[in-house]
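In our numbering, the protein residues as written are 11 to 518.
Following: one structure in C-alpha cells, then a few remarks.
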C-alpha cells in the first residue's frame with residue numbers, strides 16, 4: 011500500500027502539501043459523535059475530577075470554578091492548533107507528523123516520544139486505580155490494599171484493553187460507548203442527588219456566589235492562581251485522542267478537529283458544573299466531607315458517596331472505575347497510532363508500521379504499547395510505589411512538552427497564511443502561539459516545583475523524585491533518537507527526503 015493522499019491546506023512558508031500515506035487502517039468507520047465520545051472518554055473525567063478537585067480547593071478555595079476555566083484556556087488554544095494542523099495533514103501521527111513538517115526530523119521524533127511517554131506512564135496510574143477500585147466493590151474492600159492483588163488486576167486490565175484495541179476500532183468503539191454511558195449516567199445520578207439534597211436544605215452547605223468567578227479576588231494570591239491553574243490544566247488532557255484516529259474517521263481533515271474542540275468545551279462545562287454542585291453541598295471546609303479536608307484530597311467523590319447516595323454509594327465507585335477503564339483503552343489508541351505513523355515514516359523500524367490486514371489496526375504497535383505499560387507498571391510498583399507516584403506526577407511535563415510543541419508547529423507551519431484572513435491569523439497564529447507559550451511556562455514552573463525535595467514522596471540526590479524521573483524519561487527519548495539516527499533501518503528518516511515510506515500490512 012504505497013498510495014498517498016494529498017490534502018489541501020499546504021502553507022506558504024511551510025511544506026507545499028501534507029502528504030498522508032495510506033497505512034491500511036479502516037477508513038471512515040467513525041463519525042463526529044464517535045469522535046466527540048473518544049475525546050470525552052480519554053480524559054477520564056469522573057476520575058480526573060475526583061482526584062484533582064480537592065487539590066485545587068486546597069490551594070484556591072472557593073475560586074476553584076474560576077481556576078478550572080483558566081486552566082481550560084491554553085488547552086482550547088492548543089485544540090485549535092490540532093484542528094488546523096489536522097485540516098492540512100490528517101495523519102494519525104499527529105504531533106510527530108506535524109512537528110516534523112514544521113521543524114524537521116528531530117523535533118518530530120521527540121514529539122512522538124512525548125506522546126508515547128505520557129501514554130505509557132499514565133497507563134501505570136490508570137492500572138493502579140482500576141485495580142484498587144475493582145476490589146473496593148468486592149467484599150469488604152480490604153483487597154484494595156493488597157499490592158500484589160491490585161498490581162495483578164491492573165496488569166489484566168491493561169492486557170484486556172490492549173486486546174480490545176488490537177481486535178479492531180469498531181469493537182473498541184462499542185466498548186468505549188458502554189463505559190462512557192456508565193460513567194456519565196453514574197455521575198449524573200450523583201449530581202442529581204446533590205441537587206435534591208441542596209434543594210432540601212443541606213445544613214452544612216453554602217450558597218452559590220458570583221465572587222467565586224471574580225478574577226480580582228482570585229489574583230490577590232497570584233502564586234495560588236498559578237499553582238491551581240497548573241493542576242487544572244492537565245485534567246483536560248486526552249481530548250486529542252480523536253485526532254489520533256483521524257484516518258479512521260469520516261472526513262478526516264475536518265471531523266476530528268471539530269470533535270476535539272467540541273469535546274474540550276463539553277469537558278469544561280462538566281467540570282465547572284460538577285465542581286459548583288460539590289462545593290455548594292460539601293463546602294471547601296477542612297472538616298468532614300469538606301473539599302479542603304486533606305483526608306479527602308485523593309478522591310473527594312469517595313469521601314462523599316455514602317453521605318450523598320446512601321446505600322447506592324457504590325455507584326460513584328463504578329463511575330470512577332468505568333472512567334479509568336475507558337481512559338485506559340483510549341490512551342492505548344493514540345500511542346499505538348503514533349508509533350505506527352513513526353514506523354510508516356521511517357522514524358522507527360518498519361515493524362512498527364505494520365497494520366493487521368484483518369483487524370485493520372496497528373497490530374505490532376498496539377502490542378508494544380501494552381507490553382511497555384505493563385513492564386513499567388510492574389517494575390515501578392515493586393521497585394517503589396512512591397517513585398511510581400512521583401513519576402506519574404511528572405506526566406505534566408510530558409503533556410506540556412508535546413502540546414506546546416504542537417502549538418509552535420502550527421504557528422510556524424502556517425506562518426505564510428496569516429495575511430490571508432483574520433481567521434488564519436487568530437486560529438493558526440495568535441491562539442496556538444499563546445497556548446504554546448503558556449504551556450512552555452507551565453513546563454518550567456512545574457519543573458521548578460518538582461525540583462524541591464519536599465515535592466512528592468521521594469527525593470534522589472537531594473532533588474524531588476518527580477523532577478528526576480521526568481527529566482530522565484524525557485532524556486531517554488533523546489538517547490533513543492540518537493540510536494535511531496544511526497540504525498540502518500531508521501537512518502534515512504533523519505538524513506533522507508521527508509517522504510513517507512509505504513505501510514506494510516501483515517496478518518500476524
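Here a beta-carbon is modelled for each residue, glycine too, at the ideal position from N, C-alpha and C.
On a predicted model such as this, the values are computed, not experimentally measured, just so you know.
| Asked | Found |
| --- | --- |
| Is the beta carbon of residue 406 sitting closer than 8 Å to the one on residue 467? | no |
| Under the assumption that residue 125 contacts residue 105 (Cβ atoms under 8 Å), give the Cβ distance between them as a whole number of angstroms. | 6 Å |
| Tell me whether residue 16 is buried or exposed, calling it buried when 16 or more other Cβ atoms sit within 10 Å of its Cβ. | Bear in mind that the predicted position of residue 16 carries a pLDDT of just 34, short of 50, making it too unreliable to give a figure here. |
| Is the stretch 76 to 90 touching the stretch 382 to 395, taking contact as three or more C-beta pairs under 8 Å? | no |
| Return the CA-CA distance between residue 389 and residue 410, expressed in angstroms with no decimal places. | 25 Å |
| Can you look up residue 248 in the DSSP assignment and give me helix, strand or coil? | coil |
| Unbroken alpha helix (DSSP H) runs of length 4 or more, entirely within the stretch 279 to 351: which are they? | 310 to 319 |
| Around the Cβ of residue 33, are there at least 16 other Cβ atoms within 10 angstroms (buried) or fewer (exposed)? | buried |
| Note down the Cα distance separating residue 38 from residue 262, rounded to an integer number of angstroms. | 8 Å |
| Go ahead and label residue 202 buried or exposed: buried means 16 or more other beta carbons lie within 10 angstroms of its beta carbon, across all protein chains shown. | exposed |
| State yes or no: is the C-beta of residue 449 within less than 8 Å of the C-beta of residue 278? | no |
| Does DSSP put residue 16 in a helix, a strand or coil? | Bear in mind that the predicted position of residue 16 carries a pLDDT of just 34, short of 50, making it unreliable; the figure below should be weighed with that in mind. In this structure, residue 16 counts as strand in the three-state DSSP scheme. |
| With distances taken Cα to Cα, identify the nearest neighbour of residue 102 among 309, 345, 294. | 345 |
| Output the residue ranges of the alpha helix (DSSP H) runs that lie fully inside the stretch 38 to 116 and measure 4 residues or longer, sorted by chain position. | 42 to 52, 55 to 70, 74 to 98, 105 to 113 |
| Mapping the DSSP letters down to three states, classify residue 182 as helix, strand or coil. | helix |
| Under the three-state reduction of DSSP, which class applies to residue 427: helix, strand or coil? | helix |
| Pairing CB atoms from the stretch 280 to 293 with CB atoms from the stretch 302 to 317, are three or more of them under 8 Å? | yes |
| Rounded to whole angstroms, what's the CA-CA distance from residue 51 to residue 429? Just pull it up for me. | 37 Å |
| Given that a residue counts as buried once 16 or more other Cβ atoms are within 10 Å of its Cβ, and exposed if not, what is residue 299? | buried |
| Between which two residues does the alpha helix (DSSP H) containing residue 157 stretch? | 157 to 177 |
| In angstroms with no decimal places, state the Cα-to-Cα distance between residue 314 and residue 207. | 13 Å |
| Between residue 498 and residue 353, what straight-line distance do the alpha-carbon atoms span, to the nearest angstrom? | 14 Å |
| Buried or exposed for residue 22, going by 16 or more other Cβ atoms inside 10 Å? | Reliability of the predicted coordinates at residue 22 is poor, the pLDDT of 38 falling under 50, and the value obtained from them is presented with this limitation in mind. Exposed. |
| Rounded to whole angstroms, what is the Cα-Cα separation between residue 175 and residue 392? | 27 Å |
| For the stretch 425 to 441 and the stretch 149 to 160, state whether three or more C-beta atom pairs, one from each stretch, are separated by less than 8 Å. | no |
| Buried or exposed: where does residue 191 fall if 16 or more other Cβ atoms within 10 Å of its Cβ makes it buried? | exposed |
| Specify whether the stretch 328 to 345 and the stretch 246 to 256 touch according to this definition: at least 3 beta carbon pairs, one from each stretch, less than 8 Å apart. | yes |
| Between the Cα of residue 490 and those of 83, 119, 196, spot the shortest distance and give me the residue it belongs to. | 119 |
| What three-state label does DSSP hand residue 469 in the structure shown? | strand |
| Return helix, strand or coil for residue 355, following the three-state DSSP convention. | coil |
| Measuring alpha carbon to alpha carbon, tell me which residue in 496, 475, 241, 182 is nearest residue 394. | 475 |
| Spatial neighbours of residue 396 within its chain, please: CB distance less than 6 Å, with the 5 preceding and 5 following residues excluded, ordered by chain position. | 467, 468 |
| Could you give the DSSP three-state label for residue 373: helix, strand or coil? | helix |
| Do residue 423 and residue 111 count as a contact pair if the criterion is CB distance below 8 Å? | yes |
| Which two residues bound the contiguous alpha helix (DSSP H) that contains residue 154? | Careful: residue 154 lies outside any alpha helix (DSSP H) and carries neither H nor E. |
| Would you call the stretch 137 to 144 and the stretch 326 to 340 touching, i.e. three or more CB-CB distances under 8 Å? | yes |
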